[in-house]
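Notes to accompany the following structure.
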Amino acid sequence: MEEIPTLPQDIIVEILIRLPLKILLKFRSVSKSWLSLLSDSQFHKTHINFSMNNPKFTDYTLAAVPTVSGLGKICHVYTIRSENSSVIVSKHECPSKTLSLSAWILGSCNGLICLTTDSFNLMLLNPCTGKFNVFPDLMIEYEVGDGGVHIRYGFGYDAYAEDYKVVKMFSFPRIGNEGRRHVNMVSVYSLKGNSWSSIQGFDSGYVNGNVGVFANGVLHWEGCYDYVSGGISSEIVTLDLAKERYGRIALPRYEGGGIHWTLGESRGRLVACCNYESNKADIWVMKEYGVEKTWTKLVTISSPDDGRVNISPLFVAENGDEVLVKLGTEVTLYNSRNASFKRIADYVSTDDFLQVQVATYLESLASPHI
1 MEEIPTLPQD IIVEILIRLP LKILLKFRSV SKSWLSLLSD SQFHKTHINF
51 SMNNPKFTDY TLAAVPTVSG LGKICHVYTI RSENSSVIVS KHECPSKTLS
101 LSAWILGSCN GLICLTTDSF NLMLLNPCTG KFNVFPDLMI EYEVGDGGVH
151 IRYGFGYDAY AEDYKVVKMF SFPRIGNEGR RHVNMVSVYS LKGNSWSSIQ
201 GFDSGYVNGN VGVFANGVLH WEGCYDYVSG GISSEIVTLD LAKERYGRIA
251 LPRYEGGGIH WTLGESRGRL VACCNYESNK ADIWVMKEYG VEKTWTKLVT
301 ISSPDDGRVN ISPLFVAENG DEVLVKLGTE VTLYNSRNAS FKRIADYVST
351 DDFLQVQVAT YLESLASPHI
């Protein structure tokens, strides 16, 4: 009887990275050698890089965390697939659904979600594998002025150091000759080093949004400057995780009227949404990172609600025909071809909720431990 030929390891890897994650999870039980391969961090990187560069093979997942009477729980997980320029959303099970958290989503990267917990800790969670890692949040003493303090977070991956990092920003308002400014104290948690460290802070306008958006190795927050003269301007404040260097990116030009910007990331690209007083929003994508002239307006959305609600971008189809957005406390799929809205799900079974947070993430085997 002839011996069955064994494929070279590199060929096996090339086959496996093209398979759905649910198949890879089952393959871990095939043998010890396959378990070792599928648990290897290098395989995880190869799989993630392939998925990012080949969207048609990629499953993105939507996690929703409702905060109900101060208690949160990951109870809704949806797979988002792009097929024939359409976005297909379907519900599926999550191994971590029994984890009860007083949770806030602080960001997602490479299939990991960073959340707060109910005991002054933070958590990295891979909802696909159910594995998680809990570590202490940063608590510092500071003197609060008349304007109080605003806390901002960010989560991302430092590819140079091969390290996941959490950023915590303490933002203190100050009134100067030109207007209101903010002095920002910044600390960074290194998963590899399992420790917090302070880095150089910076001055800025009001840093909007509690959570930074991670794209291209950089965290992004919307910054708003309020001048004594009465003028207001907005821009994107950035922090490069590898270089620990701050920067700014100009937002696209927008129409007159009161506006509010929200940021997002889709398929590795930075997305900006301009919300107008007139209950409409323009969604822009930066097609070449860091090149401001490549901001491209994909679609204008008119809110179906009478009251004004902010629209936040979650996922954009390749041609922009369909956009998954957070509309107030709901997640909705907007189809620009017929200007229709499709509500994805009910997030809570009671009206007694405070807020719903959502994050899209790439399905992967990435480990929350280094």
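With the UniProt record's numbering as the guide, the letters of the sequence shown map in order to residues 1 to 370.
C-beta: ideal position from N, C-alpha, C; glycine also.
ask   = Nearest to GLU265 by CA position, among GLU244, LYS243, TYR289, is which residue?
value = For GLU265, the nearest C-alpha among the options comes from TYR289.
task = Run the CB neighbour count on ILE344, radius 10 Å, all protein chains shown included, and call it buried at 16 or more, exposed below.
result = Answer is buried; the Cβ neighbour count reaches 16.
Neighbourhood of PRO252 by C-beta, 6 angstroms cutoff - its chain only, sequence neighbours within 5 removed = TRP284, TRP295, listed in sequence order.
inquiry  = Suppose contacts are defined by Cβ-Cβ distances below 8 angstroms. Is LEU263 in contact with ALA272 by that definition?
reply    = At a Cβ-Cβ threshold of 8 angstroms, LEU263 and ALA272 count as neighbours.
query = From SER39 to ALA339, what does the alpha carbon distance come to, in whole angstroms?
reply = Distance between the alpha carbons of SER39 and ALA339 is about 44 angstroms.
request  = Closer than 8 angstroms by C-beta to ARG248: which residues in its own chain qualify, once you throw out the five before and the five after it? Chain order, please.
outcome  = Correct list, in chain order: GLY223, GLU235, ILE236, VAL237, THR238.
query = Residue range of the beta strand (DSSP E) that LEU241 falls in?
reply = LEU241 -> no beta strand (DSSP E), and no H or E assigned at all.
ask   = In or out: PHE155 buried (at least 16 other Cβ within 10 Å) or exposed?
value = By the 10 Å Cβ count, PHE155 comes out buried.
task = Measure from the alpha carbon of TYR276 to the alpha carbon of each residue in LYS293, LEU270, ILE301, ARG267, then state which is nearest.
result = The shortest C-alpha separation from TYR276 is found at ILE301.
ask   = What separation, rounded to the nearest whole angstrom, lies between the Cα atoms of ASN279 and SER303?
value = Distance from the CA of ASN279 to the CA of SER303, rounded to the nearest whole angstrom, comes to 6 angstroms.
inquiry  = At 3 residues or longer, what runs of the beta strand (DSSP E) sit wholly inside the region 115–160?
reply    = Listed in chain order, they are 121–125, 132–136, 150–158.
inquiry  = Below 8 angstroms, how does it come out for the region 200–216 and the region 180–187: are there three or more Cβ pairs, yes or no?
reply    = Result yes; three or more Cβ-Cβ pairs closer than 8 angstroms.
query = In whole angstroms, what is the alpha-carbon distance linking GLY107 and GLY256?
reply = In a straight line, the C-alpha of GLY107 is about 31 angstroms away from that of GLY256.
ask   = For MET123 versus ASN133, is the C-beta distance shorter than 8 angstroms?
value = In this structure, the beta-carbon distance from MET123 to ASN133 falls below 8 angstroms.
query = Out of VAL291, GLU292, GLY268, LYS297, which has the shortest C-alpha to C-alpha gap to ASP282?
reply = For the residues VAL291, GLU292, GLY268, LYS297, the minimum Cα distance to ASP282 belongs to LYS297.
query = Along the chain, where does the alpha helix (DSSP H) that runs through GLU14 open and close?
reply = Segment 9–16, the alpha helix (DSSP H) holding GLU14.
request  = Give the DSSP-derived three-state secondary structure of LYS287 in the structure shown.
outcome  = Three-state result, LYS287: coil.
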